Ligand code: SF4
Ligand code: SF4
Ligand code: SF4
Ligand code: SF4
Ligand code: SF4
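See the structure below:
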């Protein structure tokens, strides 16, 4: 620690702090334009000049100067103010000062400082810039005339996003922030650059001219897309969510968001939202009142109560913990059925079955913050970046700032593999288990295994048959590479495994989670900082759904089995809360047949989804912005969701819907959702002793007590089918689940279903980028757009699953790999 | 006792020989002073309203009676897609004129704003535009 004096205040700060940090910790504000706490110090704008007693004679930039013992700093005097005014005058010389039409006004650092320092005339004269404004890309308007060259956009895109879309081009007065060949921007559209731009040079086009910054009411809540659980601030006006507001102090991610979080909020106030209940009459869905709809649902559920086995319920993991708990109470408690599930069953099995078997808990023994604290990261599938982009930023930071050794085991290459020093082990599709078993085998054979690991002898016996050569042949990875990876993993002081799961990844099941856990347990790399296994649930509340037991517990049917049982006639009444199985569950034709076969189908959703269109009763539910409650994110962080706007139309929250039904069917009636949280805290061990109020803005990390056990898993490679390509599904960067289709950003950037092919296959099949192609399997066929790239190995096709039209589940059937033919 | 009464009568008498101040409105019209704050007018330049929908006037308006909605035109520029003043709530303070950074709004000499229905007091952009 270093002691210094800032404006006569004694400050003690760590020795790597700068003068700026020291002043900040003493509550003294030094003006800055180019500094951001997330980025490396830059020292470009010269606004933060201060006087240091020991370095008299010149002014010192506070943001780049490290503190030294006994420093005496003065942050403001006449000379400093004069210098800062000069900086502002020089900036304003070229700046267009078109505040009346600039969206940044009110939240513009340049405007605020100009006002604060009373810069109302300029001693210089010059012409303004005349740069062309980039209106080509649909997301970010780039007006370089307003740019003050602080470099924050280029730095954040490089340092944190690791995309590198910008750099300063040209020199001197001509200098400006440019893109590749000074062309239009085409990037990940995460909006990080927009959020840090101190002026209005970069603005969000979906929000352009929608409202003034000061007219927005700001509500802190949690993103409702993926499981990362990013905190965000919704900017609302007139009961509409108009934008997301950047707050650098929010969450572990310091306000960073991905494309979905930043630009896909429009689903909340979409015109397509359901505003009244619908009842099927004479084959058509017609508007009805809540009373009529709920009376009908109550009547049918009462009938079903007599034969609980004929009743099933599917939920989405987008609901709050409170709603999920009530969902379980209604169906398992009041109605007595065990046929309840979410995410088709397989998309949470890694947690509910895999981790349960390996660690005795349904939650990961690691948290997101472990990523940067680790020495070696083993990422199963490069898709971890696409499914959870902000966790991807953590990986970027870990690799680039903390020197984390990044290893990726994947069936395709991807962005993560481009990080410095990252090594991607590309295996044949569907052979993850074989590869992980082989890694375990190497660790055991090399004597690197912890002899006290529980279940070691069973695992040894089970792996006795595994041979490195055979595994190498089946996985397409050389024996040396497997051996090296295993040894490096075992040798790392701290190693963490990341496993994304979700509806797009049927292969990421319980067995894969167990195989991953085996590595961690074998080498004793769990239960300590920077180690363990992080299973990354797909949806914002996947972890909550696992914690609260939204899956069959005894003899009940899981998601996929419910679909089968609908066809066989066993399930006659099906309640679907927010899930869209028609698009997201494997085998679309089968799911559609099942939903048509079922006698009575109730769907509660925000939109008339492909699933809701088949329903007998559709209940309009509300989005995360219209309700309060809690979500549990990846790494067990429990966070508060706060209502920002009133529900649209007559829509009601799932809490209200389920509460009314539960009371009508003889269950308990709750006054509000927080009463349910109290019950969760009383019944679910991990949530014991918590209250919503105690969560605050930060949220709470739920405790976990892993009791490890090695679980042998049988592995079989997906046998290649001659003349066919291996189709693997997954997530696209701009989308999450099937809801992002109702957000503006994702649909502007990535509107259509596509399938990605390797350049080699495309050449053989004479397919070019953008061609309409047909993907055919034994299950069915679908037409999508071709995307040709260098990411995929020959023989592999990748397709994201989010789209309703051209949905890839028309050809898949719940296997990790689907063998397909592709043609024009 | 009688003196104050006489003083009063004296004033009354003196006024009998002065010009009356009452105007025979509407036959007689008042002369309007230069700083008068009457009905708002949206200034026009190059055949379009000068207003750039900066939202400063609705922000400053103490009566909160101005509604602006910005739009993006074909050249990606900002314009007021909607500009409305609820004249029933306006207190004619003139802050909106003062706040406008582009001299897009002024207050005219029109003071006869009586009307029959509430809706008629909502002055839309079309009604406010300067008539040349
Ligand atoms: S949106 Fe994201 S990826 Fe694109 S330039 Fe900005 S920071 Fe980089
Ligand atoms: S565009 Fe914005 S963030 Fe980028 S250099 Fe210019 S002012 Fe800074
Ligand atoms: S989608 Fe996931 S990563 Fe993106 S902002 Fe939301 S929670 Fe964060
Ligand atoms: S005159 Fe005053 S009250 Fe009337 S619209 Fe303008 S600011 Fe509002
Ligand atoms: S202040 Fe002037 S430019 Fe701004 S909205 Fe009002 S009238 Fe239009």
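Protein chains in written order, with UniProt numbering: chain A, 1 to 824; chain B, 1 to 132.
Every residue, glycine too, gets a C-beta built ideally from N, C-alpha and C.
Since we're looking at a predicted model, the values are computed, not measured.
Proximity test, Cβ basis, 9 Å: residue 754 of chain A and chain B: Cβ-Cβ to chain B under 9 Å: no for residue 754 of chain A.
Residue 715 of chain A (DSSP reduced to helix, strand or coil): The three-state reading of DSSP puts residue 715 of chain A in coil, since its state is none of H, G, I, E or B.
Proximity to residue 485 of chain A [Cα-Cα], best of A:439, A:516, A:474 and A:451: Of the listed residues, the one whose Cα sits closest to residue 485 of chain A is A:439.
Closer than 8 Å: residue 161 of chain A CB and nearest ligand 1 heavy atom: Distances from the CB of residue 161 of chain A to the heavy atoms of ligand 1 include at least one below 8 Å.
Nearest neighbour of residue 181 of chain A, chosen from A:170, A:330 and A:776 [CA to CA]: Scanning A:170, A:330 and A:776 for the CA closest to the CA of residue 181 of chain A turns up A:170.
Those residues, in chain order, that have a beta-carbon closer than 6 Å to some heavy atom of ligand 3: Residues flagged by the Cβ proximity filter: A:223, A:225, A:226, A:228, A:229, A:230, A:257, A:258, A:260, A:261, A:388, A:389, A:390 and A:736.
Cβ-heavy atom distance, residue 539 of chain A to ligand 7, below 8 Å: Of the ligands one can find in the structure shown, namely ligand 1, ligand 2, ligand 3, ligand 4 and ligand 5, none is ligand 7.
Cβ-based neighbour list, residue 627 of chain A, same chain, cut-off 6 Å, excluding 5 preceding and 5 following: Once the five neighbours on either side are set aside, the close Cβ partners of residue 627 of chain A are 643 and 653.
Residues bridged to residue 10 of chain A [DSSP beta-bridge criterion]: According to DSSP, residue 10 of chain A shares a beta bridge with A:5.
Proximity test, residue 191 of chain A beta-carbon vs ligand 1 heavy atom, cut-off 8 Å: Indeed, a heavy atom of ligand 1 lies less than 8 Å from the Cβ.
Burial state of residue 103 of chain B, where buried means 16 or more other Cβ atoms lie within 10 Å: Per the 10 Å Cβ criterion, exposed.
Own chain, CB closer than 7 Å to residue 450 of chain A, minus 5 neighbours either side, in chain order: Non-local C-beta neighbours of residue 450 of chain A in its own chain, meaning closer than 7 Å and more than five positions away in sequence, comprise 522, 523 and 524, ordered along the chain.
Delimiting residues of the beta strand (DSSP E) encompassing residue 538 of chain A: Segment: none, residue 538 of chain A is in no beta strand (DSSP E) and carries neither H nor E.
Cβ-heavy atom distance, residue 642 of chain A to ligand 5, below 8 Å: Taking 8 Å as the cut-off, the C-beta of residue 642 of chain A does not count as close to any heavy atom of ligand 5.
Contact list for the segment 210-244 of chain A against chain B, Cβ threshold 9 Å: Those residues of the segment 210-244 of chain A that come within reach of chain B (Cβ to Cβ, closer than 9 Å) are 210, 211, 212, 214 and 215.
9 Å Cβ cut-off: residues of chain A touching residue 77 of chain B: Those within 9 Å of residue 77 of chain B in chain A are 101.
Any chain B beta carbon closer than 9 Å to residue 118 of chain A: Taking 9 Å as the CB threshold, residue 118 of chain A stays off the interface with chain B.
Sheet register partners of residue 356 of chain A (DSSP bridge): The bridge partners DSSP lists for residue 356 of chain A come to none.
Within 9 Å, strictly: CB atoms of residue 345 of chain A and residue 167 of chain A: Inclusion of residue 345 of chain A and residue 167 of chain A in the CB contact set at 9 Å is not warranted, their separation being larger than that value.
Which residues DSSP lists as bridging residue 241 of chain A, in chain order: Bridge partners of residue 241 of chain A according to DSSP: A:236.
Local Cβ density within 10 Å of residue 685 of chain A, reported as buried at 16 or more and exposed below that: Label assigned to residue 685 of chain A: exposed.
Beta-carbon separation (whole angstroms), residue 211 of chain A vs residue 242 of chain A, contact threshold 8 Å: With 8 Å as the limit, residue 211 of chain A and residue 242 of chain A qualify as a contact, their Cβ atoms being about 5 Å apart.
Closer than 7 Å at the beta carbon, the chain D residues around residue 70 of chain B: You won't find chain D in this structure, because its protein chains are A and B.
Pair within 9 Å by beta-carbon distance, residue 355 of chain A and residue 347 of chain A: Contact flag unset, no.
Per-residue burial, residue 124 of chain A [other beta carbons within 10 Å of its own, 16 or more giving buried]: Exposed, because fewer than 16 other Cβ atoms sit within 10 Å of the Cβ of residue 124 of chain A.
Exposed unless 16 or more other CB atoms sit within 10 angstroms - verdict on residue 604 of chain A: The Cβ neighbour count for residue 604 of chain A, taken over all protein chains shown within 10 Å, is at least 16; the residue is labelled buried.
Cβ-based neighbour list, residue 803 of chain A, same chain, cut-off 6 Å, excluding 5 preceding and 5 following: Closer than 6 Å at the Cβ level, and outside the excluded window around residue 803 of chain A, lie 753.
Runs of alpha helix (DSSP H) wholly within the segment 396-448 of chain A (minimum 4 residues, chain order): Secondary structure in the segment 396-448 of chain A: the alpha helix (DSSP H) runs of 4 residues or longer, each lying completely within the stretch, are 432-445 in chain order.
Minimum Cβ-Cβ distance from residue 141 of chain A to chain B less than 9 Å: Residue 141 of chain A counts as touching chain B.
Contact list for residue 59 of chain B against chain A, beta-carbon separation under 8 Å: In chain order: 212, 214 and 215.
Residue environment, residue 262 of chain A, which counts as buried when at least 16 other CB atoms sit within 10 Å: Counting Cβ neighbours within 10 Å, residue 262 of chain A comes out buried, since at least 16 surround it.
Among A:195, A:194 and A:139, nearest to residue 206 of chain A - alpha-carbon criterion: That would be A:139, whose Cα lies nearest to the Cα of residue 206 of chain A.
Rounded straight-line distance, which links the Cα of residue 639 of chain A to that of residue 693 of chain A: C-alpha separation (whole angstroms): 11 Å.
Three CB pairs or more closer than 8 Å across the segment 504-519 of chain A and the segment 324-334 of chain A: These segments do not touch.
Test: residue 55 of chain B CB closer than 9 Å to a CB of chain A: True, the Cβ-Cβ gap to chain A drops below 9 Å.
Candidates A:513, A:291, A:20 and A:495, of which the one nearest residue 618 of chain A by Cα: Ranking the options by Cα distance to residue 618 of chain A, first place goes to A:291.
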